[in-house]
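FYI, in my numbering the residues of the sequence shown are 171 to 258. Just so you know, even glycine gets a beta-carbon here, dropped at the ideal spot from N, CA and C. Structure first, commentary second.
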Amino acid sequence: MLPEDMKSVDGDPTLQYPVLSLSAECRYDELCTALGGDGYFVRSVPEIRQALSKAFEKKDGPSLINVIISTDSERKAQAHPWLTRSKV
């Protein structure tokens, strides 16, 4: 989004966009794998647990866990303004 477009957004821009405004399923895990690390693509709590176990076992390189969140998830109110304040 361009700076001039940001002016048309009402309220805090960090709270105005949907959770998946960049891409529905960016595959950061595949990028990690392509660069020599271990990438994990997960959608559920059991998958997260399994990926964490495998990632902690790896001692010789990076691991990345790509957690896909629900497109209709709601934002939880943040207690710290630095988490939601616009940096633009």
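Measure the C-alpha to C-alpha separation of residue i and residue j and round it to an integer number of angstroms.
{"i": "Ser233", "j": "Gly206", "result": "9 Å"}
{"i": "Ala204", "j": "Ser223", "result": "21 Å"}
{"i": "Tyr210", "j": "Arg255", "result": "30 Å"}
{"i": "Ile239", "j": "Val215", "result": "11 Å"}
{"i": "Ala162", "j": "Asp182", "result": "Nothing in the structure corresponds to residue 162, since the chain is present only between 171 and 258."}
{"i": "Arg197", "j": "Val212", "result": "11 Å"}
{"i": "Ala221", "j": "Pro251", "result": "31 Å"}
{"i": "Ile260", "j": "Gly231", "result": "The question about residue 260 has no answer here: the residues shown for the chain are numbered 171 through 258."}
{"i": "Ala225", "j": "Glu195", "result": "21 Å"}
When the distance is taken between beta carbons, is residue j closer than 8 Å to residue i?
{"i": "Asn236", "j": "Asp199", "result": "yes"}
{"i": "Gly208", "j": "Lys229", "result": "Here the sequence assigns Asp to residue 208, which means Gly is not the residue at that position. No, the Cβ-Cβ distance between Asp208 and Lys229 is not below 8 Å."}
In the DSSP assignment, the alpha helix (DSSP H) including residue i goes from what residue to what residue?
{"i": "Leu201", "result": "Tyr198 to Ala204"}
{"i": "Ile239", "result": "Neither: Ile239 is in no alpha helix (DSSP H) and is coded neither H nor E."}
{"i": "Lys229", "result": "Taken as a continuous stretch (DSSP letters only), Lys229 belongs to no alpha helix (DSSP H), as it is neither H nor E."}
So if DSSP puts residue i in a beta bridge, which residue, or which two residues, is it bridged to?
{"i": "Leu234", "result": "Gly209"}
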